[in-house]
Amino acid sequence: MKKTIITVVGKDSVGIIAKVCTYLAENNINILDISQTIVQGYFNMMMIVDANQAKNGPHVISEELAKLGEEIGVKIRAQHEDIFNVMHRI
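The opening position of the sequence shown corresponds to residue 21 in our numbering, with each subsequent residue numbered one higher.
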């Protein structure tokens, strides 16, 4: 299974989860696991998704989510699980 890690960070506002999840649903991307917190007005969400049936490839998904993040005032990053693991290895 091709897993992708999506992180969303920024100032909290109404609709962040809804807009990200709508994008995922419209692109046939399944959420496998999700965690989100709000700390003193700052929103942080991490999702593990299955992009095997996605309409677009990983580069397009990453670019479109980054653009969506700009539109809603947060930073969204999507990375293949292997890349995420290498970048966060100690």
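C-beta atoms are modelled at their ideal positions from N, C-alpha and C, and glycine is treated no differently. Just so you know, these numbers come straight off a predicted model, no measurement behind them.
Quiz item: Which residues does DSSP pair with residue 55 in a beta bridge?
Solution: Within the sequence shown, residue 55 is the residue found at index 35, counting from 1. Paired residue(s): 66.
Quiz item: Closest to residue 72 by CA distance: which of 65, 38, 44, 40 is it?
Solution: Mapped onto the sequence shown, residue 72 falls at position 52. It is 44 whose Cα lies nearest to the Cα of residue 72.
Quiz prompt | Contacting residues, own chain, Cβ-Cβ under 7 Å from residue 39 (five flanking each side not counted) | solution = Sequence index remark: in the sequence shown, residue 39 carries index 19 (1-based). The residues are 88, 92.
Quiz item: Residues in its own chain within less than 8 Å of residue 74 by CB, not counting five upstream and five downstream?
Solution: On the sequence shown, position 54 is the one that residue 74 refers to. Hits under 8 Å: 47, 48, 49, 81.
Quiz prompt | Sequence-distant residues of its chain with Cβ nearer than 6 Å to residue 114 (five each side left out) | solution = Look at the range of the chain in this structure, 21 to 110, and you will see that residue 114 is not part of it.
Practice problem: Would you kindly check if the distance between the Cβ of residue 94 and the Cβ of residue 34 is under 7 Å? | Solution: Locating residue 34 in the sequence shown gives position 14, counting from the first residue. Locating residue 94 in the sequence shown gives position 74, counting from the first residue. Against a cut-off of 7 Å, the Cβ pair of residue 94 and residue 34 comes out as no contact.
Quiz prompt | Pick from 23, 99, 32 that is closest to residue 59, judged by C-alpha positions | solution = Start at 1 with the first residue of the sequence shown, and residue 59 comes out as number 39. The candidate whose alpha carbon is nearest that of residue 59 is 32.
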